[in-house]
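Right, one structure below, let's go through it.
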Amino acid sequence: MPLEILTVPCLSDNYAFLLHDDDSGKTALVDAPEAAPILEALSQRNWNLDFVLITHHHWDHIDALPALQEHHNPKIIGATADQHRLPPLDIALQDGDTFECLGETLHVHDVSGHTVGHIAYHFPESKAVFTADSLMAMGCGRLFEGSAEQMWASLSTLASLPEETMVYSGHEYTKSNTEFALTIEADNPDLHARAKEIAQARENGQPTVPSKLSLERATNPFLRAAEPSIKAALNMTSRSASEVFAEIRKRKDKF
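Under UniProt numbering, residue 255 is the last one in the sequence shown; the count climbs by one each step, no gaps.
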């Protein structure tokens, strides 16, 4: 059976995710922005916290760990490349590693770009990938540490996953990301349709995360930098996809 996945809003615009396996009774958390809503969600369901999967070192993804550890005794999992600036890890993983977690084989992908050492967690059986601040709904993270080439490679890796995969990203930025996307690809009918759905969801206070990978491929400009239509719109028809991606990211930074 697929894992039960619960989206937990945290802080002003962060998301954490609780993953629960009914067969084993075990629960994992992806990222730890804020303790109170996570502890409340666990308590309401009478779940123990067995694992915490950390994607990267930024404070809004790890700050709740001490408070969570006061109430539970989870194993902390994170990137080998990032462990010098993460809380102490029980299990360190790197690109290409697999790990048996919640009755599934978890696959680890290096998705450096936003930070160097950022990783994503893919649960193929549950058709879910947890991307935090790499691939985001209608966007991608800022390049605080990595290069455009690194981020384009990371996004290309994620885009190659099965199209039915659900993308669980770390923030509710989708509405503003969509407004920007329309400045890049104004003639994309899939994008216009999605923009209406996103606006309606936000008006109703509903999260726009997760999103289906096939929809990201069709509408997210950061995944579409190799598309001839986008290259033409940016007057970059002879440039590489990573160069087009860099231009899109530069424009988003100023948007």
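Here a beta-carbon is modelled for each residue, glycine too, at the ideal position from N, C-alpha and C. Keep in mind the model is a prediction, meaning the values are calculated, not measured.
To which residues does DSSP link residue i through a beta bridge?
| i | result |
| --- | --- |
| residue 14 | 10 and 171 |
| residue 135 | 140 |
| residue 20 | 4 and 27 |
| residue 211 | 167 |
| residue 108 | 121 |
| residue 52 | 29 and 76 |
So, for residue i: in the same chain, excluding its five sequence neighbours on each side, which residues have a beta-carbon less than 7 Å away from its beta-carbon?
| i | result |
| --- | --- |
| residue 218 | 190 |
| residue 117 | 56, 79, 81 and 82 |
Return the chain-ordered list of same chain residues with a C-beta closer than 6 Å to the C-beta of residue i, the five sequence neighbours on each side being excluded.
| i | result |
| --- | --- |
| residue 13 | 171 and 172 |
| residue 23 | 103 |
| residue 125 | 104 |
| residue 146 | 112, 113 and 116 |
Taking only three categories from DSSP, how would you classify residue i?
| i | result |
| --- | --- |
| residue 102 | coil |
| residue 115 | coil |
| residue 128 | strand |
| residue 93 | strand |
| residue 82 | helix |
| residue 187 | coil |
| residue 69 | helix |
Tell me whether the beta-carbon of residue i lies closer than 9 Å to the beta-carbon of residue j.
| i | j | result |
| --- | --- | --- |
| residue 152 | residue 113 | yes |
| residue 31 | residue 5 | no |
| residue 128 | residue 141 | no |
| residue 198 | residue 251 | no |
| residue 51 | residue 88 | no |
| residue 111 | residue 97 | no |
| residue 248 | residue 228 | no |
| residue 95 | residue 119 | yes |
| residue 255 | residue 144 | no |
If I measure Cβ to Cβ from residue i and keep anything under 8 Å in the same chain, skipping five residues before and after, which residues do I get?
| i | result |
| --- | --- |
| residue 192 | 182 |
| residue 162 | 124, 127 and 213 |
Below 8 Å on the Cβ atoms is my contact criterion, and I expect residue i with residue j to pass it. Report the Cβ-Cβ distance as a whole number of Å.
| i | j | result |
| --- | --- | --- |
| residue 139 | residue 188 | That pair is no contact at about 15 Å. |
| residue 207 | residue 168 | Not quite, the Cβ-Cβ distance comes to about 10 Å (not below 8 Å), so this is no contact. |
| residue 11 | residue 29 | 15 Å between Cβ atoms; not a contact. |
| residue 16 | residue 148 | Between residue 148 and residue 16 the Cβ distance is about 28 Å, and since that is not below 8 Å, they are no contact. |
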